[in-house]
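*Asks:*
Numbering (our numbering), first residue to last: 679 to 933.
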C-alpha cells in the first residue's frame, strides 16, 4: 500500500478517522487487481452491503489511534512520516484480526469520489440562471409579503443583491464559454493561443457541466449503485463516526 497516497486522500475526507478494511472471507468476487497491482473493486449492491456491515469494526480499530492521527494531521513532512508509521501499525493490527484494509479503502475512495462528483453536479444545477432566478423570485416574494422581520430585511436585501450579481456573472461566463468554443475552431485563431483557450474551456465546462464526464475510475453503473445507496452510506457514517463525516450529497434524480 502506498501510505503517502492513502494519507493524502483520507485527510481530505476526515483526517483518517474512517480508514478501513473488510473480512477476507467477505471480500466480494467483484474485487480484482489492476495492472500496477492496486486493488480495483467494482461497486455493486453486494459490495456496499459489505462496506456497511464492516464499517463498525473499522471504527473500533481506528478509534484506538484517532487522537494520535489528529495530532499529526498538519501535512508537514514530519507529520506525514509519523502518520505513515501509525497507518502501518493500524494495518498490522487489522491484519491480525483478519481484516483487509486495501479492499475497504478502495471502496471508500470510490464513495468519496462519487460523492464529490454528485455535489459538483448539484452545484452546477444551482448555477443555472433559471434556478438562480427562482431563488431571486422567492426572496422578492418574501420581502413583499411582509413576513421578513424589519431587523432582517437588510440582510435579505443584501442576499438578493448578491444573487442578482451572481446570475449576471453566470450569464456572462456562459457567453464567454460559447465564444471560446467558437474561437478555438476558427481557422483565424493563432495556434499559440489555443492551449490557453482550451484550458479555459475545460475550467468553465467543469463548473457548468461537471456531469459531462464520469469521475475517473468509476463507471456509469457504479455511479448508479452509489447514488441509490448514498443515504444508507451517510447513515452508517453518521452513526459510527466519532465526528461528523464529510459532506455527502443527497441522491440525484438520475446519475
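Note that CB positions come from ideal geometry on N, CA and C, so glycine has one too.
Just to confirm, are residue 875 and residue 861 a CB contact at a threshold of 8 angstroms?
*Replies:* Indexing the chain shown from 1 puts residue 875 at position 197. Indexing the chain shown from 1 puts residue 861 at position 183. Yes, the pair counts as a contact, with Cβ atoms nearer than the cut-off.
*Asks:* In three-state terms, what does DSSP make of residue 732?
*Replies:* Locating residue 732 in the chain shown gives position 54, counting from the first residue. Note: residue 732 maps to helix in three-state DSSP.
*Asks:* Using the three-state DSSP reduction, which class does residue 759 fall into: helix, strand or coil?
*Replies:* Within the chain shown, the letter at position 81 stands for residue 759. Residue 759: helix per DSSP, three-state reduction.
*Asks:* Can you tell me the Cα-Cα spacing of residue 889 and residue 881, whole angstroms?
*Replies:* In the chain shown, residue 889 corresponds to position 211, counting from 1. In the chain shown, residue 881 corresponds to position 203, counting from 1. Distance between the alpha carbons of residue 889 and residue 881: 13 angstroms.
*Asks:* Please tell me whether residue 918 and residue 755 are closer than 8 angstroms, where the distance is taken between their beta carbons.
*Replies:* As a position in the chain shown, residue 918 is number 240, starting the count at 1. As a position in the chain shown, residue 755 is number 77, starting the count at 1. Contact flag unset, no.
*Asks:* What three-state label does DSSP hand residue 887 in the structure shown?
*Replies:* Sequence index remark: in the chain shown, residue 887 carries index 209 (1-based). Correct three-state label for residue 887: coil.
*Asks:* Counting along the chain, where does the alpha helix (DSSP H) carrying residue 909 start and finish?
*Replies:* The sequence position of residue 909 within the chain shown is 231, counting from 1. Where residue 909 is concerned, the enclosing alpha helix (DSSP H) stretches over 898-918.
*Asks:* Measure the C-alpha to C-alpha separation of residue 699 and residue 790 and round it to an integer number of angstroms.
*Replies:* Taking the first residue of the chain shown as 1, we reach residue 699 at position 21. Taking the first residue of the chain shown as 1, we reach residue 790 at position 112. Residue placement at residue 699 is poorly supported in this model, since its pLDDT is 38, which falls under 50; the coordinates are not used for a value here.
*Asks:* Rounded to whole angstroms, what's the CA-CA distance from residue 832 to residue 803? Just pull it up for me.
*Replies:* As a first step, residue 832 is located in the chain shown; it is residue number 154 there, counting from the start. As a first step, residue 803 is located in the chain shown; it is residue number 125 there, counting from the start. Their backbone Cα atoms lie some 28 angstroms apart in a straight line.
*Asks:* Is the region 729-745 touching the region 757-775, taking contact as three or more C-beta pairs under 8 angstroms?
*Replies:* Yes, they touch.
*Asks:* Nearest by alpha-carbon distance to residue 873: which of 859, 886, 885, 884 is it?
*Replies:* Locating residue 873 in the chain shown gives position 195, counting from the first residue. Checked all of 859, 886, 885, 884; the closest Cα to residue 873 is 859.
*Asks:* Taking 7 angstroms as the limit between beta carbons, can you name the residues of its chain near residue 898, skipping five residues before and five after?
*Replies:* On the chain shown, position 220 is the one that residue 898 refers to. Cβ within range, chain order: 892.
*Asks:* Which residue wins for smallest C-alpha separation from residue 886, given the options 847, 902, 895, 818?
*Replies:* One-based indexing of the chain shown puts residue 886 at position 208. If we check each option's Cα against that of residue 886, 847 comes out closest.
*Asks:* Around the C-beta of residue 914, are 16 or more other C-beta atoms found within 10 angstroms, so that it is buried, or is it exposed?
*Replies:* As a first step, residue 914 must be located in the chain shown, where it is residue number 236. Flag for residue 914 reads buried.
*Asks:* Among 717, 728, 718, whose alpha-carbon lies nearest the alpha-carbon of residue 907?
*Replies:* Residue numbering aside, residue 907 sits at position 229 when the chain shown is read from its first letter. For residue 907, the nearest C-alpha among the options comes from 728.
*Asks:* Out of curiosity, what's the CA-to-CA distance linking residue 838 and residue 817?
*Replies:* Stepping through the chain shown from its first residue, residue 838 is reached at position 160. Stepping through the chain shown from its first residue, residue 817 is reached at position 139. Roughly 7 angstroms separates the two Cα atoms.
*Asks:* Can the beta-carbon of residue 895 be found closer than 8 angstroms to that of residue 788?
*Replies:* Taking the first residue of the chain shown as position 1, residue 895 is located at position 217. Taking the first residue of the chain shown as position 1, residue 788 is located at position 110. Contact: yes.
*Asks:* Rounded to whole angstroms, how far is the Cβ of residue 762 from the Cβ of residue 903, which I believe are closer than 8 angstroms?
*Replies:* The sequence position of residue 762 within the chain shown is 84, counting from 1. The sequence position of residue 903 within the chain shown is 225, counting from 1. Not a contact, Cβ separation roughly 32 angstroms.
*Asks:* At the level of alpha carbons, what is the spacing between residue 834 and residue 900?
*Replies:* Taking the first residue of the chain shown as position 1, residue 834 is located at position 156. Taking the first residue of the chain shown as position 1, residue 900 is located at position 222. If I take the Cα positions, the gap works out to 41 angstroms.
*Asks:* Using the three-state DSSP reduction, which class does residue 738 fall into: helix, strand or coil?
*Replies:* The sequence position of residue 738 within the chain shown is 60, counting from 1. Correct three-state label for residue 738: helix.
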